[in-house]
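Participant: Please read through the structure below; I'll follow up with questions.
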Amino acid sequence: MRRPLQVTLLVLSGLGLLHASLFTDLCLRYVKPGMRPMLVASGFLLILLGIAEAWSRARQNPHAENDHPGHSHSRVPRVAWLLFLPALSLLFYAPPALGAYTASRADTKAVPVQDGFDPLPATSPLPMTLTDFTTRVQQDRTRVIKGRTVQMTGFVTPHKGAEYWDLTRIMISCCAADAQSIKVRVYGIPALSANTWVTITGTWHASGTLGTSSATAALDGVTVQKVAKPVNAYQDALPFGTPR
Numbered sequence: 002m003r004r005p006l007q008v009t010l011l012v013l014s015g016l017g018l019l020h021a022s023l024f025t026d027l028c029l030r031y032v033k034p035g036m037r038p039m040l041v042a043s044g045f046l047l048i049l050l051g052i053a054e055a056w057s058r059a060r061q062n063p064h065a066e067n068d069h070p071g072h073s074h075s076r077v078p079r080v081a082w083l084l085f086l087p088a089l090s091l092l093f094y095a096p097p098a099l100g101a102y103t104a105s106r107a108d109t110k111a112v113p114v115q116d117g118f119d120p121l122p123a124t125s126p127l128p129m130t131l132t133d134f135t136t137r138v139q140q141d142r143t144r145v146i147k148g149r150t151v152q153m154t155g156f157v158t159p160h161k162g163a164e165y166w167d168l169t170r171i172m173i174s175c176c177a178a179d180a181q182s183i184k185v186r187v188y189g190i191p192a193l194s195a196n197t198w199v200t201i202t203g204t205w206h207a208s209g210t211l212g213t214s215s216a217t218a219a220l221d222g223v224t225v226q227k228v229a230k231p232v233n234a235y236q237d238a239l240p241f242g243t244p245r
């Protein structure tokens with residue numbers, strides 16, 4: 002690739018990373034917040050490399066890239082132009098955050114095996130994560146979840162033509178590439194639009210034997226309320242705020 006194009010690509014990539022991680026929150030659609038400082042540092046590094054490359058070229062003989070007079074080996078392969086697409090996309094088009102489309106295709110995260118359970122507080126409705134609810138339904142042989150009104154937050158993953166939909170959370174360990182989902186099936190309340198964040202209350206939908214793996218992690222919905230996407234959207238945790 003010709004040096005001017007190398008410089009342009011490095012600078013564009015650096016600016017794109019800074020746009021996504023320093024000047025906006027776009028990077029949080031694809032990576033955990035802890036990765037943000039590394040993306041910012043990478044953006045600055047790419048820009049510095051581009052500047053260094055441009056300065057190095059300015060000091061060299063303009064014909065230094067040619068091995069022989071009149072014969073240049075610096076012709077740009079056509080496929081190299083495709084390298085500009087991801088760089089430009091960071092600046093002008095940001096793919097949407099992970100949501101229902103990803104959840105319908107992502108691996109389902111297995112719930113951890115628990116040997117014992119603490120008593121449930123008397124709070125009603127009882128705030129729970131999707132993982133805690135699933136674990137109680139499928140592993141807690143005391144069956145204390147039966148008849149309890151619980152409250153969970155996630156986004157809507159609809160099933161076309163079905164009488165149910167999935168309340169969903171997506172979890173990432175590092176970035177979007179390792180995304181896994183946890184879902185609780187919801188009956189009795191019509192699905193809102195895909196990717197709508199909601200808080201729902203309901204009771205366990207009796208299916209299978211409670212306290213065993215045959216039990217379905219499902220709710221008979223009572224109420225549903227739209228909520229803003231929480232800051233910790235890529236964790237299966239109780240929500241603690243909304244993104245900027």
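Just so we're aligned, residue 2 is where the sequence shown starts under my numbering, counting upward by one.
Using N, Cα and C, we set each Cβ at its ideal position, and we do this for glycine too.
Everything numeric in this text was worked out from a predicted model, so none of it was measured.
(1) Work out the CA separation of Val32 and Phe134 for me, nearest whole Å.
(2) Taking the alpha-carbon positions, what's the Gly51 to Val223 distance?
(3) In the DSSP assignment, the beta strand (DSSP E) including Val129 goes from what residue to what residue?
(4) Could you tell me whether the Cβ atoms of Thr154 and Ser125 are closer together than 7 Å?
(5) What first and last residue would you give for the alpha helix (DSSP H) that runs through Ala51?
(6) Give the single residue among Ala21, Leu13 and Ala101 whose Cα lies nearest to the Cα of Ala192.
(7) Count the other CB atoms, across all protein chains shown, that sit within 10 Å of the CB of Lys254; report buried if there are 16 or more and exposed otherwise.
(8) Run the CB neighbour count on Ala219, radius 10 Å, all protein chains shown included, and call it buried at 16 or more, exposed below.
(9) Just mark Val80 as buried or exposed, buried being the case when its beta carbon has 16 or more other beta carbons within 10 Å.
(10) Tell me whether Ala21 sits in a helix, a strand or coil according to DSSP, three-state version.
(11) Beta carbon of Ile146, beta carbon of Trp205: below 7 Å?
(12) Should Arg142 be labelled buried (16 or more other beta-carbon atoms within 10 Å of its own) or exposed?
(13) With a threshold of 16 other CB atoms inside 10 Å of the CB of Val225, please say whether the residue is buried or exposed.
(14) Does Arg170 pass the burial test, meaning 16 or more other C-beta atoms within 10 Å, or should it be called exposed?
Facilitator: Taking the geometry as given:
(1) Taking the first residue of the sequence shown as position 1, residue 134 is located at position 133. Taking the first residue of the sequence shown as position 1, residue 32 is located at position 31. When rounded, the distance between both Cα atoms is 26 Å.
(2) Here residue 51 refers to the residue found at position 50 when the sequence shown is read from its first residue. Here residue 223 refers to the residue found at position 222 when the sequence shown is read from its first residue. If you draw a straight line from the Cα of Gly51 to the Cα of Val223, it is about 57 Å long.
(3) As a first step, residue 129 is located in the sequence shown; it is residue number 128 there, counting from the start. In the sequence under discussion, the amino acid at residue 129 is Met, which differs from the Val named in the question. Run containing Met129: none; DSSP gives neither H nor E here.
(4) For the purposes of this step, residue 154 is taken as the residue at position 153 of the sequence shown. For the purposes of this step, residue 125 is taken as the residue at position 124 of the sequence shown. No, they are not a contact pair.
(5) As a first step, residue 51 is located in the sequence shown; it is residue number 50 there, counting from the start. Sequence inspection shows Gly at residue 51; the Ala mentioned does not correspond to that position. Its alpha helix (DSSP H) spans residues Arg37 to Arg60.
(6) Mapped onto the sequence shown, residue 192 falls at position 191. Its Cα nearest to that of Ala192, the residue Ala101 stands out among Ala21, Leu13 and Ala101.
(7) There is no way to answer for residue 254, as the model of the chain reaches only from 2 to 245.
(8) As a first step, residue 219 is located in the sequence shown; it is residue number 218 there, counting from the start. Ala219 comes out buried.
(9) One-based indexing of the sequence shown puts residue 80 at position 79. Taking a 10 Å sphere around the C-beta of Val80, we find fewer than 16 other C-beta atoms and assign the residue as exposed.
(10) Working through the sequence shown from its first residue, we reach residue 21 at position 20. In the structure shown, Ala21 sits in a helix (DSSP, three-state: H, G or I).
(11) Your numbering for residue 146 matches position 145 in the sequence shown. Your numbering for residue 205 matches position 204 in the sequence shown. Against a cut-off of 7 Å, the Cβ pair of Trp205 and Ile146 comes out as a contact.
(12) Residue mapping note: residue 142 aligns to position 141 of the sequence shown, counting from 1. Classification for Arg142: exposed.
(13) Taking the sequence shown and counting its residues from 1, the one referred to as residue 225 is at position 224. A residue is called buried once 16 or more other Cβ atoms fall within 10 Å of its Cβ, and Val225 is buried on that count.
(14) In the sequence shown, residue 170 corresponds to position 169, counting from 1. Arg170 comes out buried.
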